[in-house]
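**Student:**
2 protein chains.
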Amino acid sequence: MVKGKQSILFDKAVYIEETACIVGQKEGEGPLGGSFDIVVEDPMFGSKNWEEAESRLQEMAMDKLLSKTQVPREQIRYIFAGDLLGQLIATSFGLKKYDIPVFGLYGACSTMGEAMSLGAITISGGCADNVVAMASSHFASAEKQFRFPLEYGNQRPETSTWTVTGCGAVMLTAQSQPVSIKGITTGKIVDFGVKDSMNMGACMAPAAADLITANFKDLEVDEKYYDRIITGDLGVVGRKILLDLLREKGYDLSSNHMDCGIEIFDAKNQDTKAGGSGCACSAVTLCAYILKNMKNRKWNRVLFIPTGALLSTVSYNEGKSVPGTAHGVILERQA
Amino acid sequence: MVKGKQSILFDKAVYIEETACIVGQKEGEGPLGGSFDIVVEDPMFGSKNWEEAESRLQEMAMDKLLSKTQVPREQIRYIFAGDLLGQLIATSFGLKKYDIPVFGLYGACSTMGEAMSLGAITISGGCADNVVAMASSHFASAEKQFRFPLEYGNQRPETSTWTVTGCGAVMLTAQSQPVSIKGITTGKIVDFGVKDSMNMGACMAPAAADLITANFKDLEVDEKYYDRIITGDLGVVGRKILLDLLREKGYDLSSNHMDCGIEIFDAKNQDTKAGGSGCACSAVTLCAYILKNMKNRKWNRVLFIPTGALLSTVSYNEGKSVPGTAHGVILERQA
Numbered sequence: 038m039v040k041g042k043q044s045i046l047f048d049k050a051v052y053i054e055e056t057a058c059i060v061g062q063k064e065g066e067g068p069l070g071g072s073f074d075i076v077v078e079d080p081m082f083g084s085k086n087w088e089e090a091e092s093r094l095q096e097m098a099m100d101k102l103l104s105k106t107q108v109p110r111e112q113i114r115y116i117f118a119g120d121l122l123g124q125l126i127a128t129s130f131g132l133k134k135y136d137i138p139v140f141g142l143y144g145a146c147s148t149m150g151e152a153m154s155l156g157a158i159t160i161s162g163g164c165a166d167n168v169v170a171m172a173s174s175h176f177a178s179a180e181k182q183f184r185f186p187l188e189y190g191n192q193r194p195e196t197s198t199w200t201v202t203g204c205g206a207v208m209l210t211a212q213s214q215p216v217s218i219k220g221i222t223t224g225k226i227v228d229f230g231v232k233d234s235m236n237m238g239a240c241m242a243p244a245a246a247d248l249i250t251a252n253f254k255d256l257e258v259d260e261k262y263y264d265r266i267i268t269g270d271l272g273v274v275g276r277k278i279l280l281d282l283l284r285e286k287g288y289d290l291s292s293n294h295m296d297c298g299i300e301i302f303d304a305k306n307q308d309t310k311a312g313g314s315g316c317a318c319s320a321v322t323l324c325a326y327i328l329k330n331m332k333n334r335k336w337n338r339v340l341f342i343p344t345g346a347l348l349s350t351v352s353y354n355e356g357k358s359v360p361g362t363a364h365g366v367i368l369e370r371q372a
Numbered sequence: 038m039v040k041g042k043q044s045i046l047f048d049k050a051v052y053i054e055e056t057a058c059i060v061g062q063k064e065g066e067g068p069l070g071g072s073f074d075i076v077v078e079d080p081m082f083g084s085k086n087w088e089e090a091e092s093r094l095q096e097m098a099m100d101k102l103l104s105k106t107q108v109p110r111e112q113i114r115y116i117f118a119g120d121l122l123g124q125l126i127a128t129s130f131g132l133k134k135y136d137i138p139v140f141g142l143y144g145a146c147s148t149m150g151e152a153m154s155l156g157a158i159t160i161s162g163g164c165a166d167n168v169v170a171m172a173s174s175h176f177a178s179a180e181k182q183f184r185f186p187l188e189y190g191n192q193r194p195e196t197s198t199w200t201v202t203g204c205g206a207v208m209l210t211a212q213s214q215p216v217s218i219k220g221i222t223t224g225k226i227v228d229f230g231v232k233d234s235m236n237m238g239a240c241m242a243p244a245a246a247d248l249i250t251a252n253f254k255d256l257e258v259d260e261k262y263y264d265r266i267i268t269g270d271l272g273v274v275g276r277k278i279l280l281d282l283l284r285e286k287g288y289d290l291s292s293n294h295m296d297c298g299i300e301i302f303d304a305k306n307q308d309t310k311a312g313g314s315g316c317a318c319s320a321v322t323l324c325a326y327i328l329k330n331m332k333n334r335k336w337n338r339v340l341f342i343p344t345g346a347l348l349s350t351v352s353y354n355e356g357k358s359v360p361g362t363a364h365g366v367i368l369e370r371q372a
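If you're matching them up, the sequences are chains A and B in order.
Position one of the first sequence corresponds to residue 38 (the working numbering), numbered consecutively onward.
Position one of the second sequence corresponds to residue 38 (the working numbering), numbered consecutively onward.
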């Protein structure tokens, strides 16, 4: 059922059947280290280059998901997937062996929210029984794509974030499970004119604030409706801006907002500056942490909002700003 | 209703309400020149660089669609859109002003098929009344992204194709209209190991053959079921491979197959070698030519298959192949 301007509450329920998450060594050493399905110490994941390494991450996550669910590959109707690399090469090369129809998505670091939203629309509309939503990122392929060669050893300002090496995948289904996707709120492209590619938090915070406000208005609720409102990768700088922007609109999220980028690393001891980022940041935190806390009833209602900075070296070098976007997914623990 | 392994026939019908298409001068001088909504002589479209020019194309197509339909912007629930550039910058910067939720898609030159498929799933499932599906490409931004600087003046082999400068947009709706999207067949990633970035037709033909075969099997039909089977941008080289591959499977498409890349240019007089390509190739040919021939009942049933070559300079320079994909849309003229 369409609600307000940007939201849907699904008439026919959509559930999260199973998850899989793979991360690199640094993520394994972080606060959530014990909760990931697989931690791989080799940053190349046995591959010849960073892009292949990221494809391998997608493959490992998909394999793990298939083995955990025992759903035969032929019964997975679609994969909704994406990554940060130009022309989604991590996704194309990582998923081609599965012989499953693929919808390639680009929402920058919000891709996991976009994938879950479109997967949920597809299942709720009766167009599939099982679909997989997934997203990956790799620190080294992202640095090569967006910033500097690793060998250059650039300094990292305090506002910068550390791209998470990992891949998170969820299987969505029409069959009843403990956690449902109750609805979605889909983001617009929001541009506050920020031009600092080393401050992604500031680029994305306005889009997150816009999304959260739209969700509240569409559902006629406020911040107290949710046990947790969890953004993707704003980091400490973006979180502060988000809370300020929402306070101006009359909402106080200081007690129930969390950010995956803040949770995934121990910023002080792991030198990740403002926090973690990348498509995988929200995707693996969802799988390893958020859904576990929902299954064990610590939280019953969560607004999960992967956030994305629509950064490209081409547009950046042509003097453009970095617009933000966000894709909200309303998660609910069944009674 | 789910059909076979890769197809859906929609229970609740989805219709094409209106279209808009903008092209550059070369396309305007081609065989379909008189049928486009707008032909712009300035290749920069009044912008400062090629990427901005492509964003401007998206903006012009959207503006034209809004003015033709008179549907207020607030009633468009989602835009499904994409382009060929890294991180979809043509799309992000072209569509940000509209204040409409955007799903960013990447299916290389198959993006129009992907956008229409996801838009149709969304409308059929009752999650929207009006959505826009659109895709763009620009010859110069694509050459810069994938091949050589224009100033270098590289030679073009006979197998090469010419990226169409244009943007096509369709508004999809649940309200009855002359042409419906009866169903979709969604493509897998198909890799025959072709490594020639100057022969996209050969990279994509296996994916198109796979898609067409899947469609026939899923719907339990053969080539005679359709008045036309129209691929996106195989060009003359890819078309020949497609017909050969399908002949091996027992299908003869020689009399009812068409390719947008062959239709859009006069290859001999416009020096476009094997034909046209790019996301816009199938998108603008759909709007300017295919749907017009369906409205006037020349064709009643068309399988429209935008085809995509999952090419990236990074994967290409790392020695990888160019996998293909394709997204099929089943179009039907209402009685």
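Idealized CB from N, CA, C, for every residue including glycine.
1. Report the three-state DSSP secondary structure of B:R184 (helix, strand or coil).
2. Taking the beta strand (DSSP E) that A:Y115 falls in, what are its first and last residues?
3. State yes or no: is the beta carbon of A:A145 nearer than 8 Å to at least one beta carbon in chain B?
4. Mind checking whether B:F73 and B:G83 have CB atoms under 8 Å apart?
5. Whole angstroms are fine: how far does the CA of B:G238 sit from the CA of B:P360?
6. Could I get the ranges of all uninterrupted beta strand (DSSP E) runs contained in the segment 287–328 of chain B, with 3 residues as the minimum, in chain order?
7. Give the residues of chain A in contact with B:N86, contact being defined as C-beta atoms less than 7 Å apart.
8. Taking A:K40 and A:L256 to be in contact with their CB atoms under 8 Å, please state how far apart those CB atoms are, rounded to whole angstroms.
9. Exposed or buried, what is A:M38 when buried is set at 16 or more other beta-carbons lying within 10 Å of its beta-carbon?
10. On the CB-based measure, 16 or more other CB atoms within 10 Å of its CB, does A:A206 come out buried or exposed?
11. Which residues, in order along the segment 124–141 of chain B, keep a beta-carbon less than 7 Å from a beta-carbon of chain A?
12. Compute the beta-carbon to beta-carbon distance between B:L209 and B:A170, rounded to the nearest angstrom, for a pair I have assumed lies under 8 Å.
13. Helix, strand or coil for B:S44? Go by DSSP, reduced to three states.
14. How would you list, in chain order, the residues of chain B whose beta-carbon sits under 7 Å from the beta-carbon of A:I158?
15. Tell me, which residues are paired with A:N236 by DSSP?
16. At least one CB of chain A closer than 8 Å to the CB of B:E91: is that the case?
17. So which residues on chain A does B:T268 lean against when the C-beta distance must stay under 8 Å?
18. Judging by CA-CA distance, which residue of B:M149, B:P243 and B:S314 is the nearest neighbour of B:L280?
19. Please compile the residues from chain B whose C-beta is within a distance smaller than 9 Å of the C-beta of A:G190.
20. Using beta carbons (cut-off 8 Å, strictly below), is A:Y115 in contact with chain B?
21. Measure how close the beta-carbons of A:E369 and A:S161 come, nearest whole angstrom, since I'm counting them as under 8 Å.
22. Out of B:S147, B:I267 and B:M81, which has the shortest C-alpha to C-alpha gap to B:N293?
23. Go ahead and label A:N252 buried or exposed: buried means 16 or more other beta carbons lie within 10 angstroms of its beta carbon, across all protein chains shown.
24. Taking a contact to mean a Cβ-Cβ separation below 8 Å, would you say A:F130 touches B:K357 in this structure?
25. In three-state DSSP terms, what is A:Y52?
26. What whole-angstrom Cβ distance do B:S234 and B:F183 have, given they're in contact under 8 Å?
27. Assuming B:E88 and B:S178 make a contact with CB atoms under 8 Å, what is their CB distance in whole Å?
28. Let's test the definition: count the other Cβ atoms within 10 Å of the Cβ of A:R110 and tell me whether it reaches 16, buried, or not, exposed.
29. Checking the sheet assignment: what are the DSSP bridge partners for A:L142?
30. Let me check one thing: in DSSP terms, what residues is B:R370 bridge-paired to?
31. Should B:A246 and B:L283 be called a contact, given that it needs their Cβ atoms to be closer than 8 Å?
**Tutor:** Judging by the given coordinates:
1. coil
2. Y115 to G119
3. yes
4. no
5. 11 Å
6. 294–296
7. E355
8. 6 Å
9. exposed
10. buried
11. Q124, L125, I126, S129, F130, L132, K133, D136, I137, P138, V139, F140 and G141
12. 6 Å
13. strand
14. I158, T159, G162 and C164
15. Its beta-bridge partners do not exist; DSSP assigns none.
16. no
17. Ordered by position in chain A, no residue passes the 8 Å Cβ test against B:T268, which lies about 17 Å from the chain.
18. B:P243
19. Per Cβ cutoff of 9 Å: no residues; A:G190 is ~22 Å from chain B at best.
20. yes
21. Rounded, the Cβ-Cβ distance is 14 Å, inconsistent with contact.
22. B:I267
23. buried
24. yes
25. strand
26. 7 Å
27. 5 Å
28. exposed
29. B:L142
30. B:V216
31. yes
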